[in-house]
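With numbering that gives the first Met the number 0, letter number 13 in the sequence shown gets 12, and the count goes up by one each step, no holes. Glycine included, C-beta positions come from ideal geometry on N, C-alpha and C.
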Amino acid sequence: MNKFADLIGRILIALIFVMAGMNKITHYDATLADMALHGLPGMLLPVVIFTELAGGIAIIVGFQTRLAALALAGFSVVSALLMHAAPVGNEDAMVEGIMLMKNLAMAGGFLFLFANGPGPLSFDRKWGKA
């Protein structure tokens with residue numbers, strides 16, 4: 000059962016990143032506008048999309064899991080601080096606080112994955128890299 004828990008846990012923690020990356024592609028201009036509202040340059044958007052998609056997929060399949068987990072932990076903290084630390088415009092401060100804590104909680108989950116590895120149902124384990 001543990002091997003399935005590891006796999007399901009990886010899917011659940013990483014799926015939000017894959018979905019967010021796809022959403023940023025399909026709503027590229029709106030994402031650029033949101034980034035500008037937070038004072039972030041639009042040239043970062045392709046990097047953000049790549050990080051979310053590549054990192055999320057790597058975690059799900061268990062490929063270079065520790066590296067991907069460390070990258071997404073850092074990404075989660077940085078995005079929490081840049082996008083959710085203080086309300087911008089008329090955004091609801093309570094919602095932003097929840098989003099900030101969600102990102103920090105995900106960073107904690109990724110650090111746990113970094114420390115413990117992907118589990119048996121992963122490419123890393125299959126290739127002896129876990």
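Hey, residue i and residue j are a contact pair by Cβ (cut 8 Å); roughly how many whole angstroms apart?
i: LEU71; j: PHE122; result: Their Cβ separation, rounded to whole angstroms, is 17 Å, which puts LEU71 and PHE122 out of contact at 8 Å.
i: VAL162; j: GLY73; result: Any question about residue 162 goes unanswered here, given that the chain covers just 0 to 129.
i: GLY20; j: LEU43; result: Not confirmed; about 13 Å, so no contact.
i: ALA68; j: PHE113; result: 4 Å
i: ALA13; j: ILE48; result: Actually they do not touch by this definition, with Cβ atoms about 15 Å apart.
Among the residues of its own chain, which have a CB less than 6 Å from the CB of residue i, if the five just before and after it don't count?
i: GLY38; result: none
i: GLN63; result: ALA57
Who are the near neighbours of residue i in its chain, counting only those whose CB is closer than 7 Å to its CB and skipping five residues on each side?
i: ILE97; result: none
i: ALA106; result: ALA72, SER75, VAL76
i: LEU99; result: ALA79, HIS83, ALA84
i: THR25; result: none
i: LEU81; result: HIS37, LEU39
Alpha carbon to alpha carbon, what distance is there between residue j and residue i?
i: GLU95; j: ALA104; result: 14 Å
i: TRP126; j: ARG9; result: 18 Å
i: ASN22; j: ASN102; result: 17 Å
i: LYS128; j: ALA92; result: 43 Å
i: ILE7; j: ALA29; result: 32 Å
i: ASN115; j: ASN1; result: 13 Å
i: LEU11; j: LEU66; result: 18 Å
Looking only at its chain, what residues have a beta carbon closer than 8 Å to the beta carbon of residue i, apart from the 5 residues adjacent to it on each side?
i: GLY41; result: LEU31, MET34, ALA35
i: PRO45; result: none
i: ASP5; result: PRO117, GLY118, PRO119, LEU120, SER121
i: TYR27; result: LEU44
i: ARG124; result: GLY61, GLY116, PRO117, GLY118
i: ILE15; result: GLY55, MET105
Using a 10 Å radius around the Cβ and a threshold of 16 neighbouring Cβ atoms, would you call residue i buried or exposed?
i: PRO117; result: buried
i: ALA85; result: exposed
i: THR50; result: buried
Would residue i pass as an interface residue toward chain B - the criterion being a Cβ-Cβ separation below 7 Å?
i: LYS128; result: Here chain B cannot be found, since the structure has a single protein chain.
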